Each structure stands twice: as C-alpha cells, then as structure tokens.
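Novice: Numbering of the sequence shown is given in UniProt numbering, commencing with residue 1 and proceeding in unit increments. Note that beta-carbon positions come from the ideal geometry of N, C-alpha and C, so glycine has one too. Just so we're clear, the structure is a prediction, and the values are computed from it rather than from any experiment.
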Amino acid sequence: MPFKPELIEPAQLAERLGDPQLVVIDLCPEPDFVQAHVPGARYLPPAATQNGRPPAPGALPDPVQLRRIVAWLGLHPESDIVVMDHEGGGWAGRMLWLLASIGVRKAAALNGGRVAWLAEDLPVEPGVPEPAPEAGTLPVTPDTSESIGKAELMDAVRAGTVHIWDARSADEYHGRRSGAPRAGHIPGAVHYEWTRLMDPARNLRLRDPEEIRAELARLGIDGSRPVVTHCQSHHRSGLTWLAGKLMGLDIRAYPGSWAEWGSCPDTPIEC
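(1) Count the other C-beta atoms from every protein chain shown that fall within 10 angstroms of the C-beta of Lys-245, then say buried if there are 16 or more, exposed otherwise.
(2) Quick one: what does DSSP say Met-154 is sitting in, helix, strand or coil?
(3) From which residue to which residue does the beta strand (DSSP E) around Ile-69 run?
(4) Taking the alpha carbon of Thr-195 as the point to measure from, which residue in Arg-168, Leu-219 and Gly-179 has its own alpha carbon closest?
(5) Return the chain-ordered ranges of every beta strand (DSSP E) run that is complete within the UniProt domain "Rhodanese" (18-126) and spans a minimum of 3 residues.
(6) My guess is that Leu-197 and Leu-249 are in contact by the Cβ rule of under 8 Å, so how many angstroms apart are they, rounded?
(7) Measuring straight from C-alpha to C-alpha, what distance separates Thr-161 and Arg-225?
(8) Which of helix, strand or coil does DSSP assign to Leu-206?
(9) Please classify Ala-217 as buried or exposed, where buried requires at least 16 other C-beta atoms within 10 Å of its C-beta.
(10) Below 8 Å on the Cβ atoms is my guess for residue 274 versus Leu-66; work out the distance and round it to an integer in Å.
(11) If you draw a straight line from the alpha carbon of Glu-130 to that of Asp-143, how long is it in whole angstroms?
(12) Which residue's Cα is closest to the Cα of Leu-118: Gln-35, His-174 and Leu-22?
(13) Keeping to the same chain, check which residues put their C-beta closer than 7 Å to that of Glu-270; ignore five residues upstream and five downstream.
(14) Tell me the DSSP bridge mates of Leu-7?
(15) Run through DSSP, which three-state label would Ala-132 get?
(16) According to DSSP, simplified to helix, strand and coil, what is Asp-199?
(17) Whole angstroms are fine: how far does the CA of Gln-50 sit from the CA of Arg-16?
(18) Taking the alpha-carbon positions, what's the Gly-58 to Asp-171 distance?
(19) Is the beta carbon of Met-84 closer than 9 Å to that of Leu-27?
(20) List the whole-angstrom C-beta distance separating Trp-97 from Glu-146, where the pair is believed to meet the contact cut-off of C-beta under 8 Å.
(21) By alpha-carbon positions, which one of Val-70, Gly-93 and Arg-42 ends up nearest to Ser-237?
(22) Reducing DSSP to helix, strand and coil, say where Glu-270 ends up.
(23) May I ask you to list the residues that DSSP assigns as paired with Arg-252?
(24) Regarding Asp-62 and the ligand NAP, is the C-beta to nearest heavy atom distance less than 8 Å?
(25) Taking Ala-48 as the reference, which of Pro-55, Leu-13, Pro-255 and Pro-61 has the closest Cα?
(26) Tell me, to the nearest whole angstrom, how far the beta carbon of Pro-206 is from that of Ala-243; I am working on the premise that it is less than 8 Å.
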C-alpha cells in the first residue's frame, strides 16, 4: 500500500488532544518549543531527520539513528501521527517522507503548522524536550519507493522520462548562487519555488491544490510523466513532495538533491 499523507486543520487537531494514540511531532526551533508547544507534542530537531554526511547530507539517517528516533518519539504501529513545523511545511514534509521511508503508511501534517496554531489561539504549554514516556516499538522497515538515487535520476534525465521539480530559489536555479562546487540546475528541471505553495494570508497554509496544479501544468509538470523533486538537501523539497502527493502526482524525492548533484563531476548541469 502506498504512503498516504493527509492535512489536518488546527481546530481538528485541538479536538483530538488527549487521544492516547495521538503523537504530535514538532520540528520547530527548540527555543520556540520550550516557550510554547501543542500540549503533549514531542520534539525532534529538524537536523535529526537528515544523515548529515557529505556529499548528500539530506540522505535518510542510518538505521540505528532511525530506531533512536522511533524510540525517542514513542512511535508504535497503532500511533496516529501528526507532524508540524514553524515554516509552512518544509520540515514537516520531510518528516512525512522519513516516515514513509521506514514503512509508515499514513500520517498527517498540520496545515499552517505552528503559525496557524498560535494565530487561532489554541492551547499551548511550555516545557523542555523529553523522550516519550514509553519508548517506541514501531518497526523500521526500509521502503525506497518514495525516493530516487543519483544514478537512476541520471538515466531518467538522459531518457527524458521524468519531470523534475526544482524547489530552490531562482538564484540557485540559474546558477547565481550555489551550496555545492558546481552551480545551475538539472537539465530540463522546472523551477517552482517551495514558498509559492504557502498562503501568507492564511497563516502559511497550503494554497488551493487546483491553483497549484494549474501553475505547474503551465510550466510543464502536467502529470504526463513521473515527477522528481529536490532542493539543496531535501528540506524545502519536503513541502513540494508533500504537495505533489496530496495532488495525486506520481512523485518521488531526490534526497541527495543539489548538494550531491552539484558535487559530482559527471552529472549534467544547465544554468
């Protein structure tokens, strides 16, 4: 069964507080969590979702670290998981991708995250991050179906069998700025920055999916081919991956992202 992400509104989550199966995972900055967080939420530093090792720091953490994350958060097979962040969904989307990559089949993102929760004056509590009262027992079952590696992507680029969604800034896409030795973009990639998915007037909730779908189609991502999305380290593209899944696109993440692609001498690049 493929992974099925969902969006949950703040008011809906508020109604479910106290449910023993509910696990809210908060990926905001730690000082913000300490000051105020959703009651009962469990904190995970965003960097913990990444491998951190060059040339692909955005790769999935190793199995030992993944099991530590499961234990710390108290994740069990029956857990009802909701993830949230402070920035409109980048880290939340990446966390959902991580969960999908260890065999979880269903989880939700809080629409608008911390920004929307606070704006609606919903309950909060202070407190430092602590491990779950009971260590998680969720099995870590590797699932690579939501990801693509560099070698496979290179073959797909040469064959023209995928659409590539570049979630980075315009400066990065056009090679004016780079977080890797080489600058530019993957040949044929479509630039649609991750921030365009957010609605600032609605506390960083996702914009109307049909509007996003129409904009992507005008740029060439029309659903006629599978989609691969990336950024620099699969943080920003966590949101584009999530949005693509919610819109029903056949989409995978390239976790190596530009950090890896732009560090290799043999990868094709355009500016």
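Specialist: Let me spell this out:
(1) Classification of Lys-245: buried, given that the 10 Å Cβ count is 16 or more.
(2) helix
(3) Per DSSP, Ile-69 belongs to no beta strand (DSSP E); it is in the alpha helix (DSSP H), 63-73.
(4) Arg-168
(5) The beta strand (DSSP E) runs of length 3 or more contained entirely in the UniProt domain "Rhodanese" (18-126) are, from start to end of the chain, 22-26, 80-84 and 106-110.
(6) Leu-197 to Leu-249, Cβ: 13 Å. No contact.
(7) Distance between the alpha carbons of Thr-161 and Arg-225 is about 6 Å.
(8) In the three-state scheme derived from DSSP, where H, G and I count as helix and E and B as strand, Leu-206 is classed as strand.
(9) exposed
(10) Here the chain comprises residues numbered 1 to 271, so residue 274 is not present and cannot be evaluated.
(11) 28 Å
(12) In this structure, Gln-35 is the residue among Gln-35, His-174 and Leu-22 with its C-alpha nearest to the C-alpha of Leu-118.
(13) Gly-184, His-185 and Pro-187
(14) Looking at the DSSP output, Leu-7 sits in a beta bridge with Ala-109.
(15) Assigned with DSSP and collapsed to three states, Ala-132 falls in coil, not helix or strand.
(16) strand
(17) 29 Å
(18) 20 Å
(19) yes
(20) 6 Å
(21) Gly-93
(22) strand
(23) Val-228
(24) Absence of the ligand NAP is noted for the structure shown, with no ligands found whatsoever.
(25) Pro-61
(26) What sits at residue 206 in the sequence shown is Leu, not Pro. About 6 Å separates the beta carbons of Leu-206 and Ala-243, which is inside the 8 Å limit, making them a contact pair.
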